[in-house]
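Mind the numbering: the sequence shown is residues 1 to 575 in the UniProt record's numbering, read in order. Ideal Cβ positions, reconstructed from N, Cα and C, are used throughout, including at glycine. Quick caveat: nothing in here was measured; it's all calculated off a predicted structure.
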Amino acid sequence: MMSDRPINLLIIDPDSIYRTGLRVVLEQDPHIRVAAEAADSQAGLQNVSAIGIDAAIVELRLSDSSVMGWQLCQQIKTQYPNLPILILTCHPEPSQLAAARRAGVEGFCHKGIAAEEIIHIIRELVAGRSYWESKIVGVGLSDVSGSRSTIQTNPPFQWFFIGTRDRLRQSGLQQINGNLAQVTARLQEPGLPTLDRAMLAGQRRELLAARWVVDRLLAVGNEEGQGRQGRQGRQTENLLLAPRSSLLTPPDSRLPAPQQPTTIFTSTRERLEFSLENLTSIPLEIDIFREDKKRELLHLILQKIEDILADLRFSQVQSDRLPVMQATILRDLWQATTIDFFGRYSTLLVGGITVDFVNSLLQAEIVVQTAILDKIPLVSDLFSYLLFATPLVIDNTSFAAESLEAKERAEIILQNLIIQVANAVVQPLLNRFAELEVIKQNYYDRRLISTREIERFRNNLSWKYRARTYFEEPRQVFESRYELLLLAPRGIAKVSIYAPRDRELTRLSGIPLIVTLALELRDAIAPRLQAVVSFVGKGVIFVLTQVVGKTIGLIGRGVLQGLGGSWQESKNKRL
Numbered sequence: 001m002m003s004d005r006p007i008n009l010l011i012i013d014p015d016s017i018y019r020t021g022l023r024v025v026l027e028q029d030p031h032i033r034v035a036a037e038a039a040d041s042q043a044g045l046q047n048v049s050a051i052g053i054d055a056a057i058v059e060l061r062l063s064d065s066s067v068m069g070w071q072l073c074q075q076i077k078t079q080y081p082n083l084p085i086l087i088l089t090c091h092p093e094p095s096q097l098a099a100a101r102r103a104g105v106e107g108f109c110h111k112g113i114a115a116e117e118i119i120h121i122i123r124e125l126v127a128g129r130s131y132w133e134s135k136i137v138g139v140g141l142s143d144v145s146g147s148r149s150t151i152q153t154n155p156p157f158q159w160f161f162i163g164t165r166d167r168l169r170q171s172g173l174q175q176i177n178g179n180l181a182q183v184t185a186r187l188q189e190p191g192l193p194t195l196d197r198a199m200l201a202g203q204r205r206e207l208l209a210a211r212w213v214v215d216r217l218l219a220v221g222n223e224e225g226q227g228r229q230g231r232q233g234r235q236t237e238n239l240l241l242a243p244r245s246s247l248l249t250p251p252d253s254r255l256p257a258p259q260q261p262t263t264i265f266t267s268t269r270e271r272l273e274f275s276l277e278n279l280t281s282i283p284l285e286i287d288i289f290r291e292d293k294k295r296e297l298l299h300l301i302l303q304k305i306e307d308i309l310a311d312l313r314f315s316q317v318q319s320d321r322l323p324v325m326q327a328t329i330l331r332d333l334w335q336a337t338t339i340d341f342f343g344r345y346s347t348l349l350v351g352g353i354t355v356d357f358v359n360s361l362l363q364a365e366i367v368v369q370t371a372i373l374d375k376i377p378l379v380s381d382l383f384s385y386l387l388f389a390t391p392l393v394i395d396n397t398s399f400a401a402e403s404l405e406a407k408e409r410a411e412i413i414l415q416n417l418i419i420q421v422a423n424a425v426v427q428p429l430l431n432r433f434a435e436l437e438v439i440k441q442n443y444y445d446r447r448l449i450s451t452r453e454i455e456r457f458r459n460n461l462s463w464k465y466r467a468r469t470y471f472e473e474p475r476q477v478f479e480s481r482y483e484l485l486l487l488a489p490r491g492i493a494k495v496s497i498y499a500p501r502d503r504e505l506t507r508l509s510g511i512p513l514i515v516t517l518a519l520e521l522r523d524a525i526a527p528r529l530q531a532v533v534s535f536v537g538k539g540v541i542f543v544l545t546q547v548v549g550k551t552i553g554l555i556g557r558g559v560l561q562g563l564g565g566s567w568q569e570s571k572n573k574r575l
């Protein structure tokens with residue numbers, strides 16, 4: 001098989017919802033394509049013969065009673081002996097597995113296995129190797145084949161780490177929720193064509209159904225023995241995966257293994273491949289960069305955030321320390337990104353003098369911290385969510401870390417964070433080296449390379465800072481909301497979210513306080529003023545229609561009657 005061609009799979013399973021979920025999970029790998037699906041043996045055989053299939057995934061329990069799953073495997077192997085088959089089932093019967101293996105089936109694993117491992121197994125089968133799980137619930141390997149030595153076994157801890165239902169459930173839900181978040185974001189895009197909206201709505205319904213099935217079918221049992229075994233397994237896994245220094249601290253102080261970051265960071269990386277055009281009404285510092293430089297900078301910041309999370313996890317930081325550390329974390333993130341993006345030892349020739357470029361940018365720390373970094377909201381909430389799986393409060397309702405709502409909110413906060421930090425990286429550059437030709441050539445968008453356009457851009461930013469400080473922020477504080485930037489399919493957009501800001505409201509002073517008082521005064525006066533204007537307006541209308549109108553009507557009727565009488569008299573005289 002050509003390495004540049006995707007692996008075409010056939011899924012034969014009677015459950016259409018499970019097939020949909022499995023397809024969504026597998027096709028996250030760009031080299032995997034589900035070419036066909038079937039619910040029974042007859043349709044499965046037809047798809048094998050009609051389409052160039054590289055491997056088949058078969059459920060032992062098929063819907064048609066005449067042919068069992070292992071019998072279908074025998075039929076496929078009889079007609080297509082070189083086609084790899086993977087049995088993927090929840091409740092394997094040892095006798096059926098033995099029959100399937102004797103027929104030449106290359107692989108078997110439970111449905112309780114991580115999606116990444118399924119993809120790995122498929123590649124192994126297509127490459128000509130076999131895969132049979134070394135442990136089957138309730139039976140030994142000898143019950144399946146009669147000989148342990150003929151079966152390819154897994155590494156000692158492989159089943160322990162990836163073979164549990166809980167682990168598959170988490171993996172499957174993460175991947176399905178990632179796709180669901182993307183589809184939901186597309187549906188919220190304004191101006192979406194009706195046909196596209198209908199197709200996306202259908203995809204969303206399928207993903208919701210698949211998520212429900214995965215959550216229900218792979219839920220960990222409530223039996224005491226299973227619960228005890230699961231707790232012991234997770235404790236052992238945390239010990240084996242924890243940093244060496246964490247083993248010296250009390251168990252309660254260790255951070256739990258992160259559950260959500262993978263999906264959130266993966267989804268954000270995918271969104272960074274979309275357009276990065278500014279769709280908002282406000283200028284952003286990164287607008288002056290070419291799109292490839294924007295993308296490079298945002299990718300770097302995302303990677304730096306992952307590095308910071310790893311450092312925090314290793315340092316055993318406590319959740320209640322994150323708000324106190326937020327300013328330091330953001331400053332370190334800005335500094336590390338600036339150094340790596342521009343190069344630690346970069347120099348510039350300015351007026352015949354060689355300038356240490358990066359150190360000059362880092363000297364703007366106080367300005368950047370005050371103008372941008374300190375104003376990035378909900379950072380400690382995001383880090384607490386990523387490190388400790390802390391629930392997120394959305395519109396005064398607490399959502400568990402594994403819920404779709406919490407993941408969507410965390411992804412928006414993360415995207416706003418990387419965009420704002422990117423603005424902070426560019427801001428000192430615009431203040432100190434904006435018009436250097438070498439900077440223009442290496443970073444700027446071609447539409448913003450003239451001196452006039454650069455100065456206009458900087459003036460717009462200056463007005464943005466003033467308007468935000470004196471008007472926008474006080475209004476947002478008074479309205480208990482934040483405006484966050486996010487990565488939409490068509491570019492960088494803006495979304496407004498509710499958040500309690502009572503403490504900030506009490507600390508306002510000067511012009512921001514006057515703005516909030518003016519807003520409150522307007523809210524207090526506007527309804528009464530509207531009522532007065534409405535009452536006066538109704539009175540004027542009554543006078544004009546009922547008094548003045550009737551008077552004018554009577555006068556007009558009298559004039560007409562007088563004219564009519566005069567005309568009649570003159571007519572009588574002529575007669």
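First through last residue of the beta strand (DSSP E) which encompasses residue i
i, result
"Y482", "481 to 488"
"I7", "7 to 12"
"V58", "55 to 58"
Cβ separation of residue i and residue j, assumed to be a contact under 8 Å, to the nearest whole Å
i, j, result
"R271", "L487", "4 Å"
"S275", "G491", "5 Å"
"L485", "Q415", "7 Å"
"W334", "L373", "6 Å"
"L45", "V34", "Not a contact, Cβ separation roughly 17 Å."
"residue 583", "L297", "Outside the displayed range of the chain (1 to 575) lies residue 583, so it cannot be described from this structure."
"S130", "E106", "5 Å"
"I286", "I418", "10 Å between Cβ atoms; not a contact."
With 16 other Cβ atoms within 10 Å as the buried cut-off, status of residue i
i, result
"H31", "exposed"
"S267", "buried"
"W463", "exposed"
"R409", "buried"
"T78", "exposed"
"P451", "Strictly speaking, residue 451 in this sequence is Thr, with Pro absent from that position. Label assigned to T451: exposed."
"Y498", "exposed"
"D502", "exposed"
"L9", "buried"
"I525", "exposed"
"I511", "exposed"
"R19", "buried"
"G178", "buried"
Extent of the continuous alpha helix (DSSP H) run through residue i
i, result
"L361", "357 to 362"
"G21", "16 to 26"
"V438", "437 to 443"
"D453", "Reading off the sequence shown, one finds Glu at residue 453, where the question assumed Asp. Its alpha helix (DSSP H) spans residues 451 to 467."
"I329", "322 to 342"
"I305", "291 to 314"
"L386", "379 to 388"
"V367", "365 to 371"
"P101", "Rather than Pro, the amino acid found at residue 101 in this sequence is Arg. R101 -> alpha helix (DSSP H) spans 94 to 102."
Proximity of residue i and residue j at Cβ, strictly below 9 Å
i, j, result
"I76", "E59", "no"
"R290", "R446", "yes"
"G343", "V355", "no"
"I57", "C73", "no"
"I439", "L448", "no"
"M68", "Q42", "no"
Residue i (DSSP reduced to helix, strand or coil)
i, result
"K111", "coil"
"A434", "coil"
"E273", "coil"
"A493", "strand"
"V477", "helix"
"L417", "helix"
"V393", "strand"
"S41", "helix"
"N82", "coil"
"A499", "coil"
"V350", "strand"
"T545", "helix"
"S281", "coil"
"A181", "helix"
"residue 576", "The requested residue 576 does not occur in the structure, where the chain is confined to residues 1 to 575."
"I76", "helix"
"V317", "coil"
"I412", "helix"
"I376", "coil"
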